[in-house]
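Under this note's numbering, the letters of the sequence shown match residues 111 to 411, in that order.
Okay, so here's the structure we're looking at.
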Amino acid sequence: MDKKISALILSFVAVVNIVFTTAFSLENKDFETITQTITKENLISKEEDSFPNIMNFGIDGEAKEFTLESTKFEDTVIKNRRGIAKGSIDFPLDSIKPTPPKSNTFDYFDGVLNRNIPVTIRLISLEEREPLNWRDDFYIEVIIENYGSTYYTFAKKDIPHNQEYPFFLGYEDDYLNYLNLDTNSYKILSSSWSSEPYLDGDILKRKAKFYGKRYVSSHTGNYASEVTLPDADGYTVTAVYTLKIPKEKPPIIEEKPIITPEIVEEKQDKLSPVVTTVIAIGVFIGVGVLLFILIKLKKRG
Numbered sequence: 111m112d113k114k115i116s117a118l119i120l121s122f123v124a125v126v127n128i129v130f131t132t133a134f135s136l137e138n139k140d141f142e143t144i145t146q147t148i149t150k151e152n153l154i155s156k157e158e159d160s161f162p163n164i165m166n167f168g169i170d171g172e173a174k175e176f177t178l179e180s181t182k183f184e185d186t187v188i189k190n191r192r193g194i195a196k197g198s199i200d201f202p203l204d205s206i207k208p209t210p211p212k213s214n215t216f217d218y219f220d221g222v223l224n225r226n227i228p229v230t231i232r233l234i235s236l237e238e239r240e241p242l243n244w245r246d247d248f249y250i251e252v253i254i255e256n257y258g259s260t261y262y263t264f265a266k267k268d269i270p271h272n273q274e275y276p277f278f279l280g281y282e283d284d285y286l287n288y289l290n291l292d293t294n295s296y297k298i299l300s301s302s303w304s305s306e307p308y309l310d311g312d313i314l315k316r317k318a319k320f321y322g323k324r325y326v327s328s329h330t331g332n333y334a335s336e337v338t339l340p341d342a343d344g345y346t347v348t349a350v351y352t353l354k355i356p357k358e359k360p361p362i363i364e365e366k367p368i369i370t371p372e373i374v375e376e377k378q379d380k381l382s383p384v385v386t387t388v389i390a391i392g393v394f395i396g397v398g399v400l401l402f403i404l405i406k407l408k409k410r411g
């Protein structure tokens with residue numbers, strides 16, 4: 111049974127939250143400054159190049175080019191990290207379909223902490239790696255007792271002695287049952303001696319091999335689960351972009367006096383000082399002439 115592990119990391123890549131804010135500054139009376147702020151959280155390393163010098167932001171439905179003003183990093187602790195751990199167990203060729211455990215423990219490599227973390231994950235499938243088929247790769251090795259006798263003993267059976275090869279015809283199922291092998295899935299087709307006779311105490315023994323075929327398949331148990339990972343040190347970075355735009359100047363309105371009809375009539379009724387003086391002198395002369403004539407008439411009368 112071969113155990114394999116692989117890991118798909120979810121939280122190795124920084125989780126990025128982008129927050130846009132707009133601020134206005136009146137430092138220059140002819141311009142106003144619009145500020146856009148981007149915040150990236152849960153960074154593993156300081157990725158200053160991740161912010162381009164120029165970024166486009168929409169202002170009143172129109173894309174505008176903002177310039178990177180500054181970046182600021184702050185230390186933080188990345189919590190609630192999650193990842194997907196995967197693993198597999200390869201089962202060898204067998205006539206019986208395996209029953210893998212419902213869960214198993216694997217080593218998960220955490221790229222952030224740069225170390226293995228033991229995780230327990232669930233069985234998700236049992237995959238047939240190689241289908242059932244007869245394979246000529248089966249052999250078993252057994253030890254024959256009482257080799258020098260007319261009958262030697264194996265599996266509590268007295269089997270006729272044969273110098274050339276271990277006798278098995280008619281005893282195939284006895285061999286297989288003794289080894290707990292399914293007689294429907296395993297077949298013995300030939301045999302050979304694999305050692306010279308030897309004494310084990312007072313008993314003469316000899317090793318024998320039986321060859322055949324087996325009806326078997328292989329399987330792989332696949333495991334996967336989302337797992338909780340330990341907290342890790344990280345960074346939060348804030349980038350500030352700015353755009354200066356000219357302020358719109360209000361139009362200059364020339365103020366003119368408003369002359370109403372009453373004022374016009376009043377101006378028309380008023381006489382200039384020169385005209386008034388001339389009229390006064392004329393009246394004075396006229397009155398003088400009239401008085402002179404009246405005095406003359408009175409003297410004659």
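The beta carbon of each residue, even a glycine, is placed where N, CA and C say it ideally should be.
- Excluding the 5 residues flanking it on each side, T181 has same chain C-beta neighbours closer than 8 Å at E158, F161, V347, T348, A349 and V350, in chain order.
- Apart from sequence neighbours up to five positions away, the residues of its chain that approach I254 with a beta-carbon distance below 6 Å are Y262, F264, R316 and A318, ordered along the chain.
- Under the three-state reduction of DSSP output, N214 falls in the strand class.
- If you draw a 10 Å sphere on the C-beta of I148, you find 16 or more other C-beta atoms in it, and that means buried.
- Burial check for G221: the Cβ neighbour count within 10 Å stays below 16, so the residue is exposed.
- Apart from sequence neighbours up to five positions away, the residues of its chain that approach T352 with a beta-carbon distance below 8 Å are T143, I144, T145, Q146, F176, T177 and E179, ordered along the chain.
- Counting C-beta atoms within 10 angstroms of its own C-beta, K150 has 16 or more neighbours from the protein chains shown and is therefore classed as buried.
- In this structure, DSSP gives S295 a state outside helix and strand, which the three-state scheme calls coil.
- The beta carbon of L236 sits closer than 7 Å to those of P210, H329 and G331, all from its chain and outside the five residues before and after it, given in chain order.
- Rounded to whole angstroms, the gap between the alpha carbons of K189 and I234 is 28 Å.
- In the structure shown, the three-state DSSP call for N243 is strand.
- For N166, the enclosing beta strand (DSSP E) starts and ends at I164 to I169.
- With 16 or more other Cβ atoms inside 10 Å of its own Cβ, Y281 counts as buried.
- Contact annotation, Y218 with N224: C-beta distance approximately 13 Å; criterion of less than 8 Å not satisfied.
- The beta carbon of D268 lies closer than 6 Å to those of Y261 in the same chain, with the five residues before and after it left out.
- When the Cα atoms are used, A342 and Y296 turn out to be separated by approximately 55 Å.
- For N152, the enclosing beta strand (DSSP E) begins and ends at F141 to L153.
- In the DSSP assignment, N287 falls within the unbroken alpha helix (DSSP H) covering E282 to Y288.
- In this structure, the beta-carbon distance from P270 to S302 does not fall below 9 Å.
- Around the beta carbon of R192, fewer than 16 other beta carbons sit within 10 angstroms, so the residue counts as exposed.
- Ranked by Cα distance from D246, the first of K323, T338 and S335 is K323.
- In this structure, the alpha-carbon of N152 lies about 8 Å from that of V187.
- At least 9 Å separates the beta-carbon of K156 from that of N166.
- Residue range I313 to L339 is occupied by the beta strand (DSSP E) that includes V326.
- Annotation: the continuous beta strand (DSSP E) that includes A173 extends over E172 to I188.
- Of the residues assessed, L299 falls on the exposed side of the cut-off, its CB having fewer than 16 other CB atoms within 10 angstroms.
- Scanning L242, E251, Y257 and D310 for the CA closest to the CA of Q273 turns up Y257.
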